Each structure stands twice: as C-alpha cells, then as structure tokens.
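Participant: Have a look at the structure that comes next, please.
Given below as structure tokens:
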C-alpha cells in the first residue's frame, strides 16, 4: 500500500505522457495504459449521463427529485408563502410545476453536448480528473459544456413556458399576489433563472454518479472502471 501511495504521488510530478506512462507501468495490479485511463474516465462520465442525467428528462424528473427540484427564486419565496397562507396552495404548486416542466423539456438536449465533450477528452484531462478532487470529472464536464448548454436550454425553456401556458399561470399567480394588501408588486422574468437551475440540476446528478464510482468499488461496473479508479483509491 505504501508503495502504491508513493508511486501515485510521483505521478503528479510528471507532465509528459511518456514519463507518466513509465510510472504507471510500475504500479501493482498490472499495466494501466494511457488509453485505458482516458477510456475509464469517459466511461465514468457516460455512466453519469446514462444513469443519472437521463432521469431528469422525463416528467417529474426535476419536480419529484429532492436534489434538483426547482423552487422559486429567493426574491419570490414570499409569493409562494403568502399564496399558501391565504389558501392558494394549488395555484402555487402549479407555478412551481411549470418551472420544473420547462427544465425537464430542456435536459434532453444536453446529451449530445455532453457526448461531444467526452469524446474530446485528452489524456491530460483524464489524468487531472483521476487524481484530482472528488468531483473533478463533474468540474471538467461543467467547464466544457456550460456555455453550450445555456445557449441550448434557454430558448427551449422559453418555448416550454409558452407551450404549457406558463405565462398565463404566472400572470395569474403574480396578479393575485400583487392584489393582496401590504405586498410589493413583482414582475419576474424567470427564463434565465430556470435555465441556471436546470444546469445546476444536471451537474448535481453527474456528481452523484461520480461520487458513487469514486467511493464504492461495487459501482465500478466494468473491469476498466475497476482498474482505472483503483489508481485513486
């Protein structure tokens, strides 16, 4: 075990692939090639997408998931609270539901963007992920895809609001709230907010899968995952 720890520590000091390979070849449990390291990290990220992100792209994928359910922005929490306090809980629930439905509509568009980012992973990327923070793979995917995902999600969410009548629901909700005594008028534009919350939800679920693979040997469902992630144990 001490030998493994020392050898992995040495890995951090090498940046050239050929030098890193010489060190990796000395590890116990057999040779781990550059291609295997890249392949293992790609498989882990693909598992995150297949096992977790796709769950968000179905009805109630966001709404009934405690980790990703989209709530009102902080400045509108009072709207929800006041409506419920005066017997308008059903209307408040409908307002929340349409936010989550819009995110669920958008997530399906994330898959090809993720696939492209994973295909483009280099050995250096894979090495840094494998020996990096516990959520390094999620951070890589977030850095590589956030801008493209935002551009893709935003118009879909706007269209979804129109499709399910969110504009009418929110107009009704805010109109009733603004008509209540001792309240300040609210007129939010929620498209950007929901886009950001949808992105957060996606990466939360990727991180869930990454954590499983890093911490539980039983979650490493292939020989490649077992071999590669043994290097970070």
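Numbering (my numbering), first residue to last: 1265 to 1497.
Think of the CB as a built atom: it goes at the ideal place given N, C-alpha and C, for glycine as much as any other residue.
For clarity, every value in this text was computed on a predicted model and none was experimentally measured.
Buried or exposed: where does residue 1323 fall if 16 or more other Cβ atoms within 10 Å of its Cβ makes it buried?
Facilitator: Burial call: exposed.
Participant: Compute the Euclidean distance between the alpha carbons of residue 1458 and residue 1419, then round it to the nearest angstrom.
Facilitator: Taking the straight line joining both Cα atoms gives about 11 Å.
Participant: Apart from the five residues on each side of it in sequence, which residues of its chain come closer than 8 Å, Cβ to Cβ, to residue 1370?
Facilitator: So the list reads 1416, 1417, 1420, 1421, 1424, 1459 and 1462, once near-sequence residues are dropped.
Participant: What residue does the alpha helix (DSSP H) around residue 1325 start on, and which one ends it?
Facilitator: No alpha helix (DSSP H) holds residue 1325; DSSP gives it neither H nor E.
Participant: Here's a check: name, in chain order, each residue in its chain whose Cβ is nearer than 7 Å to the Cβ of residue 1377, leaving out the five neighbours to either side.
Facilitator: Here the set comprises 1409, 1412, 1413 and 1416.
Participant: Classify residue 1386 as helix, strand or coil using the three-state DSSP reduction.
Facilitator: Coil.
Participant: Would residue 1404 and residue 1380 be called neighbours here (beta carbons separated by less than 8 Å)?
Facilitator: In this structure, residue 1380 does not lie closer than 8 Å to residue 1404 by Cβ.
Participant: With respect to the alpha helix (DSSP H) encompassing residue 1368, which residues constitute its N-terminal and C-terminal limits?
Facilitator: Residue 1368 -> alpha helix (DSSP H) spans 1353 to 1371.
Participant: Excluding five sequence neighbours on each side, which residues of the same chain lie with their C-beta closer than 7 Å to the C-beta of residue 1327?
Facilitator: Answer for residue 1327: 1333, 1361 and 1364, listed in chain order.
Participant: Give me the residue from 1496, 1492 and 1435 with the minimum Cα distance to residue 1307.
Facilitator: The shortest Cα separation from residue 1307 among 1496, 1492 and 1435 belongs to 1492.
Participant: Within a Cβ cutoff of 6 Å, which residues of the same chain sit near residue 1348, ignoring the five residues on either side of it in sequence?
Facilitator: These residues qualify, in order along the chain: 1356.
Participant: Relative to the C-alpha of residue 1302, which residue among 1385, 1427 and 1320 is closest?
Facilitator: Comparing Cα positions, the closest option is 1385.
Participant: Hey, how far is the Cα of residue 1274 from the Cα of residue 1329?
Facilitator: Its pLDDT being 34, under 50, residue 1274 is placed unreliably by the model, and nothing is read from it.
Participant: From residue 1466 to residue 1299, what distance separates their C-alpha atoms?
Facilitator: One C-alpha to the other measures close to 27 Å.
Participant: For residue 1252, is the classification buried or exposed, using 16 other Cβ atoms within 10 angstroms of its Cβ as the cut-off for buried?
Facilitator: Because the chain spans 1265 through 1497 in this model, residue 1252 falls outside it and cannot be assessed.
Participant: In whole angstroms, what is the alpha-carbon distance linking residue 1433 and residue 1305?
Facilitator: So the alpha carbons of these two residues sit roughly 44 Å apart.
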